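Residue 1 is where the sequence shown starts when you use full-length UniProt numbering, and the numbers rise one by one after that. For every residue, glycine included, the Cβ atom is placed at its ideal position computed from N, Cα and C. Only a predicted model underlies this, so the values are computations on that prediction, with no experimental measurement involved.
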Amino acid sequence: MQYRNDRHGEPLSLLGFGCMRFRRTSGPGGAIDYPAAERQIMRAIELGVNYFDTAYIYPGSEELLGRVLDGNGVRDRVNIATKLPQYLIRSASAIDRYFDEELRRLRTDHVDYYLMHMLTDVAAWHKLEELGIRDWIARKKASGQIRNIGFSFHGNTDMFLKVLAAFDWDFCQIQYNYMDEHAQAGREGLLAAAERHIPVIIMEPLRGGKLVDLLPREAKSLIAEEAHGWSPAELALRWLYDQPQVTCVLSGMNSESMVEENCRVASEADVGCLGQADRDLIARVKEIVGRSIRIGCTGCGYCMPCPKGVDISSAFRCWNQMYTEGKSAGRKEYWQVVSLRKEPAFATQCVRCGKCESHCPQHLPIRDALPQADRDLRPLHYRIAGVVARKFALG
Numbered sequence: 001m002q003y004r005n006d007r008h009g010e011p012l013s014l015l016g017f018g019c020m021r022f023r024r025t026s027g028p029g030g031a032i033d034y035p036a037a038e039r040q041i042m043r044a045i046e047l048g049v050n051y052f053d054t055a056y057i058y059p060g061s062e063e064l065l066g067r068v069l070d071g072n073g074v075r076d077r078v079n080i081a082t083k084l085p086q087y088l089i090r091s092a093s094a095i096d097r098y099f100d101e102e103l104r105r106l107r108t109d110h111v112d113y114y115l116m117h118m119l120t121d122v123a124a125w126h127k128l129e130e131l132g133i134r135d136w137i138a139r140k141k142a143s144g145q146i147r148n149i150g151f152s153f154h155g156n157t158d159m160f161l162k163v164l165a166a167f168d169w170d171f172c173q174i175q176y177n178y179m180d181e182h183a184q185a186g187r188e189g190l191l192a193a194a195e196r197h198i199p200v201i202i203m204e205p206l207r208g209g210k211l212v213d214l215l216p217r218e219a220k221s222l223i224a225e226e227a228h229g230w231s232p233a234e235l236a237l238r239w240l241y242d243q244p245q246v247t248c249v250l251s252g253m254n255s256e257s258m259v260e261e262n263c264r265v266a267s268e269a270d271v272g273c274l275g276q277a278d279r280d281l282i283a284r285v286k287e288i289v290g291r292s293i294r295i296g297c298t299g300c301g302y303c304m305p306c307p308k309g310v311d312i313s314s315a316f317r318c319w320n321q322m323y324t325e326g327k328s329a330g331r332k333e334y335w336q337v338v339s340l341r342k343e344p345a346f347a348t349q350c351v352r353c354g355k356c357e358s359h360c361p362q363h364l365p366i367r368d369a370l371p372q373a374d375r376d377l378r379p380l381h382y383r384i385a386g387v388v389a390r391k392f393a394l395g
C-alpha cells in the first residue's frame with residue numbers, strides 16, 4: 001500500500017474504504033451482511049488500508065464499523081472518518097447530540113476525520129456558525145475528540161471555492177472521476193484545495209460503479225484491447241492516483257475480490273503511472289460513455305426514501321442500463337426490482353413533491369426524468385406483461 005500525507009504529516013493510505021455500499025442480507029433495506037463485511041474490512045487492514053469513511057445517515061454503517069474495529073482490537077490501527085448531518089441541525093445542542101451518538105455507534109472516544117456532511121452551500125456553513133460551530137470545533141479538537149475537521153461537497157465549483165475559503169479546514173472530500181473532471185468541484189476545485197495545502201479525499205471514483213458495471217460494450221472492448229490488461233476499475237483508479245493533488249481515494253468495496261484488486265492497484269500505481277496513450281484512451285471512453293447514458297445518477301441513494309415509494313435510483317440505473325447494455329437488460333432489471341414486490345415502486349408513482357431533488361448531490365431534474373424513464377422502461381407490451389407477472393408471482 002502506498003501512502004500520502006495529510007495536512008499534519010500523518011500518512012493516509014492511497015486507498016480508503018468507503019463504508020456505504022456493504023452487501024445486505026435481504027436487498028437494499030435489509031441488514032448489512034456482518035460476516036462478509038467483517039472479512040472485507042479486516043482484509044483491507046491487513047493490506048494496509050488505514051482510512052475508513054462512514055456517515056450518520058448510512059444505515060447501519062457506523063454501528064458495523066465500530067463493532068468490527070472494536071471486536072478485533074484494531075481501532076488504533078486505522079483512521080475513522082464520519083460526518084455531522086448538518087442539514088438536520090436546528091440547534092446548538094443538536095450538534096453534540098448527533099456527535100455523541102456517532103461516538104457510541106462507532107465504539108470510540110474520538111473521530112480522526114470529522115466532516116460537515118454535504119456542505120454544498122456556504123449559507124449552510126453560516127447557519128452552523130450562528131449556532132456556535134467554530135467554538136464547538138475548537139473545544140472538540142482541544143479535547144482530542146476530533147483530530148481533523150473537514151467537509152464533503154456536492155455543489156458547483158464556485159460554491160466549493162466559497163466554502164473552501166470560509167474556514168481553516170484540515171481536509172475536504174469531493175466527487176471526482178474521469179467522467180466528472182469538470183463537474184461539481186472538479187479539477188479546478190482540486191487544484192484550489194492543493195494550493196491551500198488542504199488534502200483532498202475522493203469519493204465516487206467509479207461513479208458508484210457506473211464506470212465498471214454500466215460501461216457501454218464499446219468502451220469495455222476498447223479498455224480490454226488497449227489498457228495493458230487493466231480492468232475498467234483499475235483504469236479509473238490509476239487516473240486518480242496519477243494526480244499528486246489527490247490524497248486518498250474512497251472505494252465502496254463490498255467483496256473480497258474487490259478489496260484485493262483495489263489494494264493491489266493502490267500498491268502499484270502512483271504519480272506518473274499513466275502515459276499519453278492511456279490519457280487518450282480515457283478521452284475516447286469518455287466520449288463513448290457521454291453519448292450512451294441518459295442521466296448522470298451515481299446511485300448514492302440520498303434521494304431516498306420517496307414518500308410515494310418510488311425507487312428512484314433503481315429506475316435511473318435501469319434506464320441507463322437500457323442504453324449501455326441493451327434495452328431488454330434494463331427493462332428486465334426494472335421489472336425485477338420495482339414490480340415483483342408487494343408494494344411496487346414505479347416511477348409513475350411520483351407526485352412531483354420535489355423532496356428528492358432537494359437532496360440530490362448531482363442536482364438532477366428527477367421529477368422531469370422519472371416519467372421519461374418509465375416510458376422507456378415500460379412500453380405498452382411490458383405493462384401488460386407486468387400485470388400478468390405480478391399476479392402470477394404475488395398471487
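{"Asked": "Residues that DSSP places opposite Y51 in a beta bridge", "Found": "N79"}
{"Asked": "Contact check, I282 vs W239, beta carbons under 8 Å", "Found": "yes"}
{"Asked": "Any 3 or more C-beta pairs closer than 8 Å across the region 315-324 and the region 333-352", "Found": "yes"}
{"Asked": "CB contact flag (R77, I198, <8 Å)", "Found": "no"}
{"Asked": "Rounded separation between E204 and R139 - CA only", "Found": "32 Å"}
{"Asked": "Cutoff 8 Å; reference G395; Cβ partners in own chain excluding five residues on either side", "Found": "In this prediction, G395 scores a pLDDT of 49, lower than 50, which makes its location untrustworthy; the coordinate-derived value is nonetheless stated afterwards. Cβ within range, chain order: n/a, list empty."}
{"Asked": "Per DSSP, cross-strand counterpart(s) of M203", "Found": "Q175"}
{"Asked": "Proximity below 8 Å, CB of residue 396 to CB of Y302", "Found": "Nothing can be reported for residue 396: it is not among the residues displayed for the chain, which extend from 1 to 395."}
{"Asked": "Status (buried if at least 16 other CB within 10 Å, exposed otherwise) for E343", "Found": "exposed"}
{"Asked": "Residue 426 (DSSP reduced to helix, strand or coil)", "Found": "With the chain covering only 1 through 395, there is no way to say anything about residue 426."}
{"Asked": "Delimiting residues of the alpha helix (DSSP H) encompassing T247", "Found": "Where T247 is concerned, there is no enclosing alpha helix (DSSP H), although the beta strand (DSSP E) it sits in stretches over V246 to S251."}
{"Asked": "D109 classed as buried or exposed, judged by whether at least 16 other C-beta atoms fall within 10 angstroms", "Found": "exposed"}
{"Asked": "Opening and closing residue of the beta strand (DSSP E) in which R147 lies", "Found": "I146 to F153"}
{"Asked": "C-alpha gap between V259 and V246, whole angstroms", "Found": "20 Å"}
{"Asked": "Pairwise C-alpha distance: Y3 and S13", "Found": "4 Å"}
{"Asked": "Three CB pairs or more closer than 8 Å across the region 77-92 and the region 54-66", "Found": "yes"}
{"Asked": "Proximity of V163 and F151 at Cβ, strictly below 8 Å", "Found": "yes"}
{"Asked": "Spatial neighbours of T298 in its chain, beta-carbon cut-off 6 Å, leaving aside the 5 residues before and after", "Found": "E204, R207 and G208"}
{"Asked": "Range covered by the alpha helix (DSSP H) that runs through R139", "Found": "I133 to S143"}
{"Asked": "Minimum length 4: unbroken alpha helix (DSSP H) runs contained in the region 202-240", "Found": "217-226"}
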